[in-house]
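Novice: Next up is a structure, given as structure tokens.
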Amino acid sequence: MLNIYPYVLILHLFCAIFFVGFLFTDIFFLKYSKKNTILNINNAFKIMPCIVLILFISGLYLAYFHLNLLNWLFITKIFFALCIFILILFSLFYKIILKKQNPLHKNIHPIIFIFTIIIIICAKLMFYIAI
Numbered sequence: 002m003l004n005i006y007p008y009v010l011i012l013h014l015f016c017a018i019f020f021v022g023f024l025f026t027d028i029f030f031l032k033y034s035k036k037n038t039i040l041n042i043n044n045a046f047k048i049m050p051c052i053v054l055i056l057f058i059s060g061l062y063l064a065y066f067h068l069n070l071l072n073w074l075f076i077t078k079i080f081f082a083l084c085i086f087i088l089i090l091f092s093l094f095y096k097i098i099l100k101k102q103n104p105l106h107k108n109i110h111p112i113i114f115i116f117t118i119i120i121i122i123c124a125k126l127m128f129y130i131a132i
């Protein structure tokens, strides 16, 4: 099980880079180009659930090795990751089941982007702050 840890870590990092990059692009660039936004969002809707699923599954695998209830930075990361997961499920529920527009559609990507920045900061601080 420990033999595949580096591969899962690399997969997790690539998915995280893709996820944060999509959010950054959507928030800061795509909202200013109204022509292609619908096309880009529809294409992203096809691939992003797979990326997010791989990101969360690999995160669960990696969490197994670092889980310590005294590690408050790690618990903070898990809390914000669960918040992101709940927001994604909320958005998918509205889009797929209710076939309505998400009531948070204007704010959900900035909220998730802020949560991912907090997760990244916690991940980097975990290298410097020991328990």
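Take 2 as the starting number for the sequence shown in our numbering and just add one per residue. Cβ atoms here follow ideal geometry from the backbone N, Cα and C, with glycine treated the same way.
Please look up how many angstroms separate the CB atoms of Leu56 and Phe20, rounded, as I've assumed it's under 8 Å.
Specialist: Contact holds; Cβ gap of about 6 Å.
Novice: Quick one: what does DSSP say Tyr129 is sitting in, helix, strand or coil?
Specialist: DSSP places Tyr129 in coil when its eight states are reduced to three.
Novice: Out of Tyr6, Ile121, Tyr129 and Ile130, which has the shortest C-alpha to C-alpha gap to Ile58?
Specialist: When each option's Cα is compared against that of Ile58, the closest is Tyr6.
Novice: Considering just the uninterrupted stretch of the alpha helix (DSSP H) at Lys1, what are its terminal residues?
Specialist: Missing from the structure shown is residue 1; the chain here goes from 2 to 132 and no further.
Novice: Do three or more CB pairs link the region 98-116 to the region 62-77 at distances below 8 Å?
Specialist: Contact between the region 98-116 and the region 62-77 is absent, because fewer than three Cβ pairs lie under 8 Å.
Novice: Taking the alpha helix (DSSP H) that Pro104 falls in, what are its first and last residues?
Specialist: Counting along the chain, Pro104 falls outside any alpha helix (DSSP H), and DSSP gives it neither H nor E.
Novice: Put Leu14 into one of helix, strand or coil per three-state DSSP.
Specialist: Three-state DSSP puts Leu14 in a helix.
Novice: Quick check on Ile68: does DSSP put it in helix, strand or coil?
Specialist: The sequence given here places Leu at residue 68; Ile does not occur at that position. Here Leu68 sits in coil by DSSP.
Novice: Excluding the 5 residues preceding and the 5 following Leu24 in the sequence, name in chain order all residues of the same chain whose CB lies nearer than 7 Å to its CB.
Specialist: Closer than 7 Å at the Cβ level, and outside the excluded window around Leu24, lie His110, Ile113, Phe114 and Thr117.
Novice: Taking Cβ to Cβ, would you say Ser92 is nearer than 9 Å to Leu105?
Specialist: Yes. Within cutoff.
Novice: May I have the straight-line CA-CA distance separating Asn69 from Ile79, to the nearest angstrom?
Specialist: Each residue's Cα considered, the two are about 11 Å apart.
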